[in-house]
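Numbering (my numbering), first residue to last: 19 to 964.
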């Protein structure tokens with residue numbers, strides 16, 4: 019008892035504290051205590067107010083609950099459509115109306131709170147509307163509008179549309195779906211939710227409706243104008259809602275309905291080791307046919323493939339998929355680590371021993387299918403003791419055997435055999451995953467089979483990953499978690515639209531009826547026969563009415579679907595037609611676009627034409643058109659579908675490129691081919707223009723390359739000419755000693771002749787021999803000079819020693835005259851295929867530069883060293899000096915054109931630049947420089963490959 023008193027005391031203190039915090043007046047407190055507030059809400063306005071299982075919920079409902087907690091206001095909710103709510107509000111039959119927008123016209127009877135949300139007004143159309151740019155592009159189209167909508171006058175002032183009015187939003191939406199109007203306007207969330215609930219798949223959001231005098235719809239609570247006390251309480255309570263409370267409400271309702279943008283990827287959320295794993299690994303995926311989750315025709319596609327593609331994009335996973343013909347092979351390859359993962363799997367004990375599983379990315383119930391004449395199954399126990407079919411080669415086989423031991427399961431090889439067994443009464447029912455079961459019922463046309471219920475067991479779809487890839491499991495889980503609910507629903511809607519069979523469970527009804535019947539028998543025994551017959555008659559009439567109504571609804575639904583199909587078929591922007599194929603192709607049905615693409619005037623004319631009239635004899639690659647189309651048709655029959663591009667011929671003889679998709683289908687035991695044509699002529703024209711531009715660009719590039727090569731040759735020759743002065747100086751050094759010796763010898767002979775001194779024959783021959791030797795030396799020097807300026811047209815095979823000697827013979831005399839010691843160390847004498855004179859030019863240029871540095875710096879004991887060595891791939895010529903090296907500030911620039919440390923008269927700046935071009939470009943090697951311990955070290959690298 020004491021605890022109860024404490025609780026009541028605390029509750030009272032809480033109420034008093036709450037009142038004090040919101041600073042309610044005594045009058046307001048009395049109003050709260052003595053009044054019950056009637057609130058009008060909408061039944062189907064997600065996520066703001068939704069009537070679900072007789073209970074109201076949603077964003078605005080939670081706001082009112084929060085206000086009730088803060089203020090202690092006692093709300094009583096009335097749920098109805100907007101016109102009814104607004105009428106009652108105007109008549110003061112309710113106190114507060116939810117989801118009202120601010121209008122000047124409503125100020126006479128409404129006090130508004132601040133907006134709790136703003137919703138954009140969007141333009142919705144069917145998916146076949148493709149040429150939208152702005153509102154003007156929709157001129158003269160039919161616009162569906164709800165009667166008395168507040169923005170009607172604004173739209174009429176635009177003078178753009180043919181307006182068609184409807185009594186309700188639902189009728190307006192149906193009109194768009196079935197082509198009665200071209201566009202409608204609607205609030206983003208509620209319209210998208212209505213489209214999803216009705217399972218319409220031919221609609222899309224076109225754009226936001228932006229008009230100068232039309233703002234976003236602001237959602238508020240409206241309080242009756244006269245009730246100022248209630249307005250004050252609501253205003254204080256509404257204003258007291260904290261930022262955290264608003265944030266929690268948004269997370270619960272708004273984010274759930276997909277208003278927040280989904281992240282493009284999760285790379286920032288990955289740990290460093292997870293990112294490194296993705297860089298190092300290319301993930302090997304393996305899969306097989308599992309309709310409708312995975313189709314493996316030309317390219318894998320389906321629900322699971324779409325989920326995997328999103329996961330790959332979000333985690334930037336590099337992956338490729340291998341297709342195998344059975345699930346056993348998938349398990350074997352993952353067990354042996356020959357594959358890394360598979361896209362669709364369910365957890366079983368045997369798989370856990372060799373693999374890991376991601377979190378579920380989707381979940382479906384196991385459905386029960388029966389013949390049409392069977393009752394709806396409300397509990398799986400109804401199947402106890404009955405024969406139930408199941409496909410053996412699936413992930414759910416073992417699960418079902420263990421889960422439902424009382425059921426007599428009969429295994430089938432595939433889904434078709436299972437459905438056929440059910441159709442032939444071999445089993446009472448079959449169990450499979452809901453979308454898979456629905457898919458095969460539609461695919462194989464089992465019109466005598468229905469989905470009669472679901473088991474209490476849901477199947478989670480996961481990605482199965484090899485057991486040692488823990489990091490990949492973590493990465494995949496993070497990617498799955500980042501996929502929004504809206505995106506998941508979008509993928510489910512894309513691949514599956516299942517109608518659940520509705521049914522009524524009369525069990526309790528009959529139990530009560532029997533009790534009442536017994537009471538009536540006891541009380542009115544004499545009327546029992548009459549009452550019994552009357553009751554049966556009424557029940558029969560009720561059943562007849564229900565069946566008639568159900569039949570009428572089904573008829574209307576079929577009619578609507580027929581209209582939708584015909585609209586989609588006839589108004590398609592692509593050519594679509596059906597044809598038989600039994601060796602020859604015969605068109606049986608086509609849409610207008612089919613014959614219009616080829617310039618025919620009617621369907622009859624197109625159907626009766628021959629293939630030769632719509633195909634040129636040969637394709638651009640020379641292949642025979644008729645043989646090629648037969649090849650594609652046979653491929654379609656074998657593989658199910660085929661996609662290709664092909665040149666066709668119009669009625670007037672002009673040619674047109676079409677993208678062709680052929681699919682083999684079965685209808686009423688007949689094999690047909692479904693063909694779709696798409697005009698790609700413009701794209702082909704652009705491709706031809708691009709190819710032409712590419713050829714011209716390649717020719718231009720080749721021309722510029724030839725010009726650059728010619729310029730390079732000219733620069734090399736210019737560099738040689740620039741070295742001519744230096745070469746003449748070298749020749750002068752080479753010639754000085756032989757010319758002096760020849761002069762001395764001839765003078766000696768002349769003096770003896772002038773003195774009439776008799777020269778012995780032996781001495782004369784010796785002197786003349788010396789003159790001859792010196793003359794040969796001079797001639798050799800001239801040859802070396804001439805060879806230096808001679809261009810090599812072809813590469814020659816020459817050893818390193820000859821290259822070195824040819825270069826040294828030219829400059830040796832100049833070095834000796836400047837007291838520069840030349841050291842040659844030949845550790846390698848390999849043969850290389852090069853332009854020899856160009857290599858000589860480079861070596862001479864480097865040695866001459868070294869000589870100039872040594873002379874300029876007055877280096878004592880000056881020397882230049884030439885060394886050769888090699889490794890497995892290359893040979894190297896290293897030229898070094900002891901001239902104290904190159905300034906580090908300019909060492910990176912010495913190979914630049916026109917860069918020189920000499921005066922303008924002494925250097926052109928082309929020597930080392932052309933040397934690098936000769937070695938790097940002409941000889942396929944490299945020329946580098948660095949500072950050694952005593953001076954600069956130049957290294958020429960040449961490849962051994964000849």
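Ideal Cβ placement from N, Cα and C applies to all residues, glycine included.
With distances taken between CA atoms, residue 680 lies nearest to 598 out of 615, 636, 157, 598. Rounded to whole angstroms, residue 58 and residue 207 show a C-alpha spacing of 20 Å. Rounded to the nearest whole angstrom, the CA to CA distance from residue 222 to residue 422 is 44 Å. The three-state secondary structure of residue 217, taken from DSSP, is coil. The residue among 667, 374, 391 with its C-alpha nearest the C-alpha of residue 441 is 391. The region 371 to 428 is shown to contain whole alpha helix (DSSP H) runs of 4 or more residues at 415 to 421, in chain order. Beta bridge pairing from DSSP links residue 130 with 240.
One Cα belongs to residue 847, the other to residue 721, and the distance between them is close to 39 Å. The Cβ atoms of residue 593 and residue 670 lie no closer than 7 Å to each other. Distance between residue 316 and residue 307, taken at the CA atoms: about 12 Å.
One thing to note: residue 92 has its Cβ within 7 Å of the Cβ of residue 54. Taking a C-beta distance under 7 Å as the contact criterion, residue 348 and residue 366 do not qualify as a contact pair. Listed in chain order, the alpha helix (DSSP H) elements of length 4 or more contained wholly in the region 128 to 193 are 170 to 176.
Here residue 558 is exposed. Its C-beta has fewer than 16 other C-beta atoms within 10 Å. Residue 905 is not a Cβ neighbour of residue 882, given a cutoff of 7 Å. The alpha-carbon separation between residue 192 and residue 211 amounts to approximately 14 Å. Between the region 576 to 585 and the region 546 to 564, the count of C-beta pairs closer than 8 Å stays below three; the two stretches do not touch. Judged by beta-carbon spacing, residue 67 lies beyond the 7 Å limit of residue 255, meaning their Cβ atoms are not closer than that value. Residue 427 is a Cβ neighbour of residue 406, given a cutoff of 7 Å. When C-beta atoms of the region 875 to 893 are compared with those of the region 838 to 856, three or more pairs fall below 8 Å, so the two segments count as touching. Comparing alpha carbon positions, the residue from 958, 689, 726, 876 closest to residue 818 is 958. For residue 571, the enclosing alpha helix (DSSP H) covers residues 546 to 588.
Between residue 651 and residue 691, the beta carbon gap of about 7 Å places them in contact (Cβ cut-off 8 Å).
The beta carbons of residue 181 and residue 156 sit about 12 Å from each other, so the pair does not count as a contact at 8 Å.
Of the residues assessed, residue 271 falls on the buried side of the cut-off, its CB having 16 or more other CB atoms within 10 angstroms.
The straight-line gap separating the alpha-carbon atoms of residue 654 and residue 603 is approximately 13 Å. For the pair of segments examined, the region 342 to 356 was found to touch the region 477 to 494: the number of CB pairs separated by less than 8 Å reaches three. Classified as buried, residue 856 has 16 or more neighbouring CB atoms from the shown chains inside 10 Å of its CB. Taking 7 Å as the cut-off, the Cβ atoms of residue 129 and residue 243 count as close. Taking a 10 Å sphere around the C-beta of residue 94, we find fewer than 16 other C-beta atoms and assign the residue as exposed. Counting along the chain, residue 593 sits inside no alpha helix (DSSP H); it lies in the beta strand (DSSP E) bounded by residues 593 to 599. By DSSP's assignment, residue 942 forms no beta bridge with any residue. Across the set 107, 186, 449, 704, the C-alpha of 186 shows the shortest separation from the C-alpha of residue 62. In this structure, 665 is the residue among 628, 661, 665 with its C-alpha nearest to the C-alpha of residue 642. Contact annotation, residue 138 with residue 263: C-beta distance approximately 24 Å; criterion of less than 8 Å not satisfied.
In its chain, beyond the 5 residues on either side, 642, 643 have a beta carbon closer than 7 Å to the beta carbon of residue 636.
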